[in-house]
Amino acid sequence: MPRFPMFSPEFKQGCNSLEENGFQEKIFKYIRSHYGQNPDEFVADMEEFNKIRTYCLLPFPSEDLIPIVKRYYAQLLLLSNQFPLDGKHPDLTCEWQWSDRLHDPNNVLILTDAQFELCNLLYNLACIHAQIGAELPRDTDEGIKKAFTHFGYAAYPLQVLRDEMNASRFPTLDFDRDTISLYLNIIMGQAQECMVEKALVESRKPLVIARLTSHLFDIYSKCAEHLVHGPLGDVMNGSKYKEWVRMCTIKSSVYGAISMLYQGMEAEENKRYGERVAFYNSAHQHITTARNLCAKETRRAYLETVAFVDDVITFKSENARKENDFIYHAKIPKPEEISMAEPLAMACAYSFNALDPSVAGAPLFNGLVPPSVVKACSEYDEKKAEVKRSVLEKVEAYDVELMQFIDRIDLTRMIKMIKNPYGTRPDKESPSFLLPEDLLAANSYFSVQNRDAVPEVLEQLRVIGEKARETDALLTALIIRLDAIPLADLPNEESAEGVKAIKDECAKLLEASSKAKGSNMNLRLALDDKMEAIQTLGMSLDELAKTLAPQEHKDYASSSEGGRMLQLGEKVEEMKRQRKSLIDKMHEEFQKDNINGKLLIERDTNHTELFEKELKKHDNLLNLLEQNLAAQHRILHALLEANADFAENGRELREQAEKRNMKILDLIASSDEYFRVIAELEQADLFYGKLEERAKKISQAVDTIENTFCDYLKKRKEAKASIERKKADERAAMDAKAALEDFSIPPFPTLASPIVPPGGGAPRRPEGAPRRRLGDYMSYYRDKMAGGGGGVPSPSTGGLPFSPPSNALPHPPYLHSHHPVQPGPPLSALSIPQLPPSLPSALYGEGSGAPSPTPSTVSNFSYAPPPPSAAAPVLPQTPPTLQHRPQQPYPMQQQGFPRFGPGPAYGYGGQQQPMQQGYEAPPPAAPPGAMRSHAPFVPPTSEHQQGFPPVNGTNSTHYIPPSQPPQQMSVPSPSPYAPPPVSQQRAPMPPST
């Protein structure tokens, strides 16, 4: 079907610029005087305002011009509310000049009200959309859709001009109410034509097309009637007026004919053949009227369209009449018995929000807001917040009630258990009821990542046990080696303390190792307890899920009670989702609800009415939310009844779920215990590594101590042997010297002479005493070498008997200043035989001539006497120079005089031995190999002593012994003397015990 050409109003043109009226100076002056701000801050805004107005003065049909016109319209609308541009303020009077297009294009209308400028902008905006839609080709679906959209956008500005802005108050024919209504009806009819064309292309049902074209018949009939009977014919140009009338009449007749045609086709589908003929006849009448009107039409598109429709209707009408006459013979209704189909309007006006930032852009002169507008905005925001709070409080109360009910019956868990009671069903709708993540991770580790987990941990336990045993053995051996080192034989106390510290460290390490072995045993026991669970974790996922499920399975979801619970559970979830969506949408809408621009536009109106009007925009959303809340009580009541019916099955499900959860927790705990054992084994490995390293360091220290101690013992043994050899040589020299001194009899000492000559040796022979012979000394030394204890040999029988004088003093001890006793190692290490205190007192009697059991030279060794179980005592041989000296105790009575051991008169038992007069037989000879010792000096008892007794082998030069009456000494008979060979050595001393 050929397309009808479309109609569009003509543009109105602006005739002046704002610079001609001094608009900028007036605006800046008003800003300074009324707003108190610097006008220079708004120079850029004013330039932008003038620029976009220039584009709107001479409009043309372009889609690029549409947003510019809309923006200028929005900015002028805001500016007219920031400044009094109604022409009533003398400081802001500005002329707005526009042509009167419909009456006389050369006529220019000049007004001072900015509303006139706004009306011209809306009129031109409608013209732009209408002309773009009229020029678009409509031979495709896309072209039909674009044309329909532009006609819809063109209708909205005309509606605003007629219904809201009261444009008819301005003295121009273009803004007359009848003219605006005519334009609006024609444009809406053309949008409906686009829908008819689309329906014809898509071959919609005949009744649909009949209803759409019926609406076009009514629209164009009203437009033609309005043109014929209205006042436009008196003021419009005659040719233009006749063209508009003919256009509306032709379109009305053509679309009326098409409506009747498709009604006849619909009757044919319903086999109402008589009605079909009647509808076709009515269509033929309408198209005949259109054909008659086209007699004077010069536009080719109209002629082609009418001719095409006429041919179709003529063909259909003749064919239907013939079929009915020869075939159906149906009754044909009269023309008044049929009617046109009910009209169906599909076209509508598309509005736009002039204050939308996407339309208006950034507001110019944004900082200039009247105080009344600011206050009104605050009041509106408070009203929105109040409505919002009341709604949210109500929703929160319902949410609390819902959550309490769900928790009370445990609905969420029950729904999951009904859907998948044993966790073995692969239900995608309830993935949260599958196995827990911890259990899945443990199963993945033991079944996929490390299948040899158990053998590995057992091997680690074995290795740790081996390390523990090796470490214990090493530490025990170290302690044994340290115990073998005698602390008393170490060179100093620091060495002994070091050995003790190392031994204590070994004991501590051994104790720590013992505790670690206990921990290892605990780990082994813990692993044994969880071994079965770990083996279960090594199964596949399906097998693991089956082990958690009971043997008997029951499908609760297939039962009527379970199905009802699932249905109501879904209802609850749907209600919650819908409620959340509505709440979010309410927040979003309230956030976007900004009426600042409207308050600027309508600042002189009643704000209360505006607030109520704006809040009603949210009534639809709030009503949906109310319905959602009201449905909650009904759903919960039904859910309560369903839960009561499902109570028995619910109890079984809870018991099974409890058992299953316990198994799951046990498996997870077993996995955690395994990893804990692994971590403990790693710590144990580090512990034994450090312990072994420490033990090896201690072993090296012990090796060093042993080597050092062996070297020390070796050196001490060598030193001991050297000292023994030196002492043996000294004793041999002393014996030899004593022997030589015995060959010369010194003079008997007097009181004026010293006790011991400086050169040492025996005292001189007194004058007049008989001289000893060589035979006497030979006999004495024979007896001495044989082990006898004879005294100094008496003179031979040929001489005079010897009688010492009364003032003779006893001989001092056999100690000389050239032979001091040096301190040395302990006495036990010198292999010196000691005399125990348990010897019989007869051995130490005065008459025996034996020395004291404790020599004075032992005091420097700090030696304690050995116990009675020591070896048999060896009695020392008394030197020959002491044979004639009395054994008298010497009590130390001076204060501060040191004791150097028990005196010879007291012995080891602490009892004072009685003094014996005279001399007894010499002691028996010592056993072979025994060392002969010298008896210490026993000072005489006297209260008038002077000086100190000899100490450590050194005689005191101030010592004067007390006078004693001379004692008669028994001189044995001389014995032959045999000197010992020069190479004779002392027998070696027995080792000390």
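Just so you know, the UniProt record's numbering puts 591 at position 591 of the sequence shown, and the rest follows in order with no gaps.
Note that the Cβ used here is the ideal one computed from N, Cα and C, for glycine as well.
Out of curiosity, what's the CA-to-CA distance linking residue i and residue j?
{"i": "N50", "j": "A290", "result": "50 Å"}
{"i": "K580", "j": "R408", "result": "22 Å"}
{"i": "residue 996", "j": "E342", "result": "Residue 996 is absent from the structure shown; the chain starts at 1 and stops at 993."}
{"i": "D735", "j": "A728", "result": "10 Å"}
{"i": "Y55", "j": "V69", "result": "8 Å"}
{"i": "S513", "j": "I464", "result": "11 Å"}
{"i": "D666", "j": "R651", "result": "23 Å"}
{"i": "A210", "j": "A199", "result": "10 Å"}
{"i": "F802", "j": "Y777", "result": "Because the pLDDT of F802 is 43, which lies under 50, any placement of that residue in the model is unreliable, and the question is left without a value."}
{"i": "T608", "j": "Y380", "result": "9 Å"}
{"i": "T476", "j": "K500", "result": "15 Å"}
{"i": "K145", "j": "C194", "result": "8 Å"}
{"i": "H226", "j": "C248", "result": "10 Å"}
{"i": "L510", "j": "V677", "result": "23 Å"}
{"i": "G264", "j": "R276", "result": "4 Å"}
{"i": "L599", "j": "F4", "result": "45 Å"}
{"i": "residue 995", "j": "N292", "result": "Because the chain spans 1 through 993 in this model, residue 995 falls outside it and cannot be assessed."}
{"i": "M6", "j": "K383", "result": "48 Å"}
What does a CB cutoff of less than 8 Å around residue i pick up in its chain, not counting 5 residues either side in sequence?
{"i": "L740", "result": "none"}
{"i": "L713", "result": "D489"}
{"i": "K508", "result": "none"}
{"i": "A453", "result": "Y445, F446, I534, G538 and Y674"}
{"i": "A752", "result": "Only weak support is given to the placement of A752: the predicted model assigns it a pLDDT of 47, under 50, and the question is left unresolved by the model."}
{"i": "L561", "result": "Reading the sequence as shown, one finds Glu at residue 561 and not Leu. Closer than 8 Å at Cβ, skipping near neighbours: A642, D645, F646 and N649."}
Should residue i be listed as close to the ligand HEM, given that the test is whether its C-beta is under 6 Å from any heavy atom?
{"i": "E202", "result": "Judged by which ligands are present, the structure shown has none, so any question about the ligand HEM falls away."}
Residues in the same chain with beta-carbon distance under 6 Å from residue i, minus the five sequence neighbours each way, listed in chain order, please.
{"i": "A864", "result": "For A864, the pLDDT reaches just 40, beneath the cut-off of 50, and the residue's location in the model is therefore unreliable, leaving the point undetermined."}
{"i": "K467", "result": "Y688"}
{"i": "S338", "result": "Sequence inspection shows Ile at residue 338; the Ser mentioned does not correspond to that position. If we look at I338 and ignore the five residues flanking it on each side, its Cβ neighbours are A278."}
{"i": "E10", "result": "R101"}
{"i": "R53", "result": "Y72"}
{"i": "Y262", "result": "P206, I209 and A210"}
{"i": "L392", "result": "none"}
{"i": "V702", "result": "L478 and R481"}
{"i": "P61", "result": "I128, Q131 and I132"}
{"i": "P757", "result": "Summary for P757: the model assigns pLDDT 49, below 50, so the residue's position carries little reliability; its value from the coordinates is reported in the next sentence. Nothing meets the Cβ criterion."}
{"i": "A330", "result": "Y273, G274 and N324"}
Going by beta carbon distance, what residues of the same chain come within less than 7 Å of residue i, once the five residues before and after it are set aside?
{"i": "N107", "result": "S99 and D100"}
{"i": "I698", "result": "L478, I502, E505 and C506"}
{"i": "L541", "result": "N443"}
{"i": "R32", "result": "P39"}
{"i": "L179", "result": "With the sequence shown as reference, residue 179 is identified as Thr, and Leu is not the correct amino acid for it. The answer, listed in chain order, is L102, L173 and L232."}
{"i": "S221", "result": "S252"}
{"i": "R694", "result": "L509"}
{"i": "L624", "result": "L582"}
{"i": "Y153", "result": "H129 and Y350"}
Would you list the residues sitting across from residue i in a DSSP beta bridge?
{"i": "Q97", "result": "I110"}
{"i": "G14", "result": "W98"}
{"i": "D104", "result": "D100"}
Taking contact to mean at least 3 C-beta pairs separated by less than 8 Å, is the stretch 178-191 in contact with the stretch 126-137? yes
*asked:* Does the contact criterion of 3 or more C-beta pairs under 8 Å hold for the stretch 636-646 versus the stretch 561-569?
replied: yes
*Touching by the beta-carbon criterion (3+ pairs, under 8 Å), the stretch 675-686 and the stretch 569-588*: no
Q) On the three-pair Cβ rule with 8 Å, is the stretch 162-176 touching the stretch 107-127? A) yes
Do the stretch 272-279 and the stretch 214-231 meet, that is, are 3 or more Cβ pairs less than 8 Å apart? no
| Touch check for the stretch 15-33 and the stretch 308-320: three-plus C-beta pairs under 8 Å? | no
Okay, do the stretch 254-269 and the stretch 281-299 touch, 3+ Cβ pairs below 8 Å being the bar? yes
(message) Report the start-end ranges of each alpha helix (DSSP H) in the stretch 526-559 that is 4 residues or longer and not cut off at the edges.
(response) 531-537 and 541-548
*Does the count of Cβ pairs from the stretch 365-380 and the stretch 237-252 closer than 8 Å reach three?*
no
Taking contact to mean 3 or more Cβ pairs, one atom from each stretch, closer than 8 Å, check whether the stretch 292-308 and the stretch 352-368 are in contact.
no
### Query
Considering only residues of the stretch 234-301, which uninterrupted alpha helix (DSSP H) runs meet the minimum length of 4 residues and lie entirely inside it, listed in chain order?
238-269 and 273-293
### Message
Check whether the stretch 146-159 and the stretch 344-360 touch, using three or more Cβ-Cβ pairs below 8 Å as the test.
### Response
yes
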